[in-house]
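For reference, the structure discussed in these notes is given below.
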Amino acid sequence: MPHPSLRHPLLRNARFRRFFLGRLLSLVGDAVIPSALALAVLRATGSASALALVLGCAMVPRLVLLPLGGVIADRFDPRIVALTTDLVRCAGQLFVGIELLSGRPELWQIAVAEAIGGAASAFAMPTLASLIVGTVGEKDRQAANSALAVVRSGTLAGGPALAGLLVLTAGPGWAFVLDAASFAVSAALLATLRLSRTTAPADERRSLRSDLVEGWHEVRSRGWYWTSLVAHATWNGGAAVFATLGPAVAVKELGGDGAWILIAQAGAVGLLLGSILSGRARPRRPVLTGNLALTTYVLPLGLLALHAPAPAVAAAFGVALAGLGFFNPLWETAVQAAVPAAVLARVTSYDWLLSLAAMPLGYVLAPLAADAWGEATPLWIAAAAVGLACVATAGVPGVRHFTLNTPADTSDDTPADTPTGKVGSRDRPRRPSAPRRTPAGRPRP
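The sequence shown begins at 250 in our numbering and counts up one residue at a time.
Structure representation (structure tokens):
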């Protein structure tokens, strides 16, 4: 029997290695953009409102087009969809980089480029789950999801430092050129991939409206799924409250800028450690375990409301984001096992839509509530909402009963067509006596 370390899909699955390398480079490029964009816009305009406009131009098209992106990714080859969006984003970021390097950037040009990039990401995000299903067998998916989560966490932790280095030494324009190059390489690697079929046959496709309705029906028909999404959206809203009020409380009450840097860095380290741990964990009830792990976000919200010392808030924030890092691969693997491949992108797009839509709501309401009742009140409300929503999912039978039964064996390089032993659309656990293979299979963020 091979050594356990040799069983990781990164070591024995050539298709996943190419996909993983493309994601790694793309994530590194993306990680430098938030800080570089903020500095570039502020340098060019000196206005925080201008930065908010640019960020809004990227976010609004993404939210509006996400359901359509899910339909497109289910109708067509997700590899081609992802490759096309990589090329579009490559062109957009290269344009912004050239504008910044020219020394005469126009705000409206940057805003338009970011809007195009946001629209492209709405079509790219739903393809991720289908690409994983198309490159990795079911028994390897949790390890694959964890590896991707570790890379995502690591780039989030190191991105601001890399952005600062680029901005201070070469200027923010080169950060955008780097991101454009990462998208170009990712597209080239996607061009070499060959996936198992995950889209519906052409004769089964229906109107756009029918596809959207079918995707929503797939979400609603799984009690464990939609109730978990409510909890996840609440968690994201709470995270937005913390991100909005946290810096102000840290600077005014906990010791200044250094206090917030400590808290943010602890969160980045926690997210990375949780992602690593998730690759080794095999909980019998992955959805229940993951949702309960998210309740740890109550700790930093409550401690910040109490104006606890910065080290205590930092430690709590590290634990909370470790819970998030632990949760993500479990959730993605569970959804990949339970949702048919032909509707996977649509289901995932609704997941992304609810998660992303909840955050702007938190950004808007948190300062309004803080102005009206003080900073502690919205923090306590967010803590109560997150705790109740995540714990409440334990009362859903589908959440409690969801288990994963992995096939005894699948080929190293050939993904299983359909997962087995998963919770059905009516949350009724199935325990087949032997693995079966049927033409379906698909996941989720």
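A virtual CB, placed ideally from N, CA and C, is assigned to each residue, including glycine.
All figures in this text were calculated on a predicted structure; none of them were measured in a lab.
Whether residue i touches residue j by CB criterion (8 Å)
{"i": "L511", "j": "A440", "result": "no"}
{"i": "G611", "j": "F566", "result": "no"}
{"i": "T544", "j": "V648", "result": "no"}
{"i": "V434", "j": "L274", "result": "yes"}
{"i": "F372", "j": "G318", "result": "yes"}
{"i": "F651", "j": "L442", "result": "no"}
{"i": "W509", "j": "G495", "result": "yes"}
{"i": "D460", "j": "V320", "result": "yes"}
{"i": "L522", "j": "P421", "result": "no"}
{"i": "L593", "j": "V382", "result": "yes"}
{"i": "V281", "j": "L415", "result": "yes"}
{"i": "S402", "j": "S524", "result": "yes"}
{"i": "W484", "j": "A554", "result": "no"}
Residue i (DSSP reduced to helix, strand or coil)
{"i": "V648", "result": "helix"}
{"i": "V385", "result": "coil"}
{"i": "F265", "result": "helix"}
{"i": "P656", "result": "Note that P656 scores a pLDDT of 36, beneath 50, so its modelled location is shaky and nothing firm can be said."}
Buried or exposed (CB count within 10 angstroms, at least 16 for buried), residue i
{"i": "D279", "result": "buried"}
{"i": "T626", "result": "exposed"}
{"i": "G352", "result": "exposed"}
{"i": "R471", "result": "buried"}
{"i": "A419", "result": "exposed"}
{"i": "D620", "result": "exposed"}
{"i": "P535", "result": "buried"}
Own chain residues within Cβ distance below 8 Å of residue i, not counting five before or after
{"i": "R469", "result": "W475"}
{"i": "W601", "result": "L315, M374, P375, P694"}
{"i": "G487", "result": "Y546, L550, G611, A631, A632, A634, V635"}
{"i": "L356", "result": "V290, A293, T294, A299, L302, V303"}
{"i": "M308", "result": "G367, L605, P609"}
{"i": "G504", "result": "A559"}
Residues of its chain near residue i, where Cβ-Cβ distance is below 6 Å and the 5 sequence neighbours each way are ignored
{"i": "D335", "result": "F432, S435, A436"}
{"i": "G539", "result": "F576, L579, W580"}
{"i": "F425", "result": "Q342, V345, G346"}
{"i": "L603", "result": "L478, A482"}
{"i": "Y599", "result": "V468"}
{"i": "A369", "result": "T334, V337, R338"}
Residues of its chain near residue i, where Cβ-Cβ distance is below 7 Å and the 5 sequence neighbours each way are ignored
{"i": "P409", "result": "S284"}
{"i": "G516", "result": "F566, G567, L570"}
{"i": "L548", "result": "A565, V568, A569"}
{"i": "R533", "result": "T652"}
{"i": "L270", "result": "L438"}
Does the contact criterion of 3 or more C-beta pairs under 8 Å hold for the region 576-589 versus the region 358-368?
Proximity of the region 576-589 to the region 358-368 falls short of the contact definition, fewer than three beta-carbon pairs being nearer than 8 Å.
Decide yes or no for the touch test of the region 415-431 against the region 329-343: beta carbon pairs closer than 8 Å, at least 3 of them.
Yes: at least three Cβ pairs fall under 8 Å.
Across the region 600-616 and the region 386-395, are there enough close Cβ pairs to call them in contact, namely three or more that are closer than 8 Å?
The region 600-616 is not in contact with the region 386-395.
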